[in-house]
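Comments concern the structure below.
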Amino acid sequence: MYYNFLRLSIFVFFLGSVMTSYGQTPGGIITESSVPDEEVFLDGVVERTTVHEKRVLDYAPMREADVPWERMIWRVLDVREKVNAPFINPLRPFASILIDGVQNGELTVFNRDDFLDQMTPDDVTALLFRVDTNRIIDPITYEEEIVITQSNIDPLNIQRFRIKEVWFFNNKYSRLDVRILGISPLLDVFDDETGIFRYELPLFWIYYPQARALFAREGVFVTGNDAAPMTWYDLLEMRRFSSYIFKASNVYDERLSTFYEERMDQLFESHRIEDELFNLEQDFWSY
Numbered sequence: 002m003y004y005n006f007l008r009l010s011i012f013v014f015f016l017g018s019v020m021t022s023y024g025q026t027p028g029g030i031i032t033e034s035s036v037p038d039e040e041v042f043l044d045g046v047v048e049r050t051t052v053h054e055k056r057v058l059d060y061a062p063m064r065e066a067d068v069p070w071e072r073m074i075w076r077v078l079d080v081r082e083k084v085n086a087p088f089i090n091p092l093r094p095f096a097s098i099l100i101d102g103v104q105n106g107e108l109t110v111f112n113r114d115d116f117l118d119q120m121t122p123d124d125v126t127a128l129l130f131r132v133d134t135n136r137i138i139d140p141i142t143y144e145e146e147i148v149i150t151q152s153n154i155d156p157l158n159i160q161r162f163r164i165k166e167v168w169f170f171n172n173k174y175s176r177l178d179v180r181i182l183g184i185s186p187l188l189d190v191f192d193d194e195t196g197i198f199r200y201e202l203p204l205f206w207i208y209y210p211q212a213r214a215l216f217a218r219e220g221v222f223v224t225g226n227d228a229a230p231m232t233w234y235d236l237l238e239m240r241r242f243s244s245y246i247f248k249a250s251n252v253y254d255e256r257l258s259t260f261y262e263e264r265m266d267q268l269f270e271s272h273r274i275e276d277e278l279f280n281l282e283q284d285f286w287s288y
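Using our numbering, the letters of the sequence shown map in sequence onto residues 2 to 288.
Next comes the structure, spelled out in structure tokens:
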């Protein structure tokens, strides 16, 4: 019995010595900063996977009784404002994300902001691609020819977006909340002969809850900290953009421009609605 115990002790001691010596060799030490087996060229200190692994959280389930008050708001976002500079990033503008999502079928396209009139692929193609017929003179034969050219919409030319959102009081959590419902890119239309601006054309409406997964995969450049990448989903949910109200739900379903002719009066009314929404949550409480 004693000799068996002695042999077992010697074996355990020998095995422990071998494992310790192996762990102390440079090849056996594995740390976070160890050089990988394969040669990898990183554009930074470590590999960034936060954006690629981003997951979209589902909305919290709510009942009709949990929303005793709500109001529809329509906004205009102008990319020419300094805080909205990420929307016009020349490498990947926000409009190109919407157009790519529409073309590959990931986003459902609607003609109106009530999300009832769904557009067909032919309708989308007619909006995104323009066919022009031009008459030119052949420099060799000096004969007139008709040339058909196709032009695509430049995402950098889309400088304004419409946003439809709903503000509601969440009775379950006792707070005022907001949820974006739809986004529409606006294209400036000019007269072909005079070049004078005529009107803004809403190309299409996308349903924001459906587009959240796409926005969560698309990174956005925000000045400040490159080690904390942000996605378009983060930017929109945190409302890191500037906009103004051009319409609020009313009995006539009209814009502010219908009731106020002067632009300054429209802006004042927009700020008044903003203050009303801000003070609404405070008015629910008494101290």
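In this text, a Cβ means the ideal position worked out from N, Cα and C, and glycines have one as well.
No experiment lies behind these values; they were computed from the predicted model shown.
State the beta-bridge partners of residue i as determined by DSSP.
i, result
"Thr134", "Ile149"
"Asn158", "Asn158 pairs with nothing; no bridge assigned."
"Gln119", "Phe111"
"Asp79", "Arg161"
"Tyr200", "Val190"
"Leu129", "Answer by DSSP bridge pairing: none, since Leu129 is not bridged."
"Asn171", "Arg176"
"Arg72", "Trp168"
Let me know the secondary structure DSSP gives residue i once reduced to three states.
i, result
"Lys165", "strand"
"Gly183", "strand"
"Asp189", "strand"
"Gly102", "helix"
"Ile207", "strand"
"Asp67", "helix"
"Leu43", "coil"
"Arg218", "helix"
"Glu144", "coil"
"Leu278", "helix"
"Val1", "Only positions 2 to 288 of the chain appear in the structure, and residue 1 is not among them; the question remains open."
Could you tell me the alpha carbon to alpha carbon distance between residue i and residue j, rounded to whole angstroms?
i, j, result
"Arg131", "Pro156", "14 Å"
"Phe169", "Met265", "28 Å"
"Ser250", "Val179", "15 Å"
"Asp139", "Asp133", "18 Å"
"Ile164", "Ile149", "36 Å"
"Met239", "Ala217", "13 Å"
"Phe279", "Asp101", "36 Å"
"Pro94", "Pro87", "7 Å"
"Met231", "Lys83", "18 Å"
Unbroken stretches of the alpha helix (DSSP H), 4 residues or longer, contained in the stretch 227-269: 233-238 and 257-260
The stretch 74-85 in contact with the stretch 234-246 per 3-pair CB rule at 8 Å: yes
Inter-stretch contact (C-beta, 8 Å, three-pair minimum) for the stretch 105-114 and the stretch 202-215: Three or more Cβ pairs drawn from the stretch 105-114 and the stretch 202-215 lie within less than 8 Å of each other, which places the two stretches in contact.
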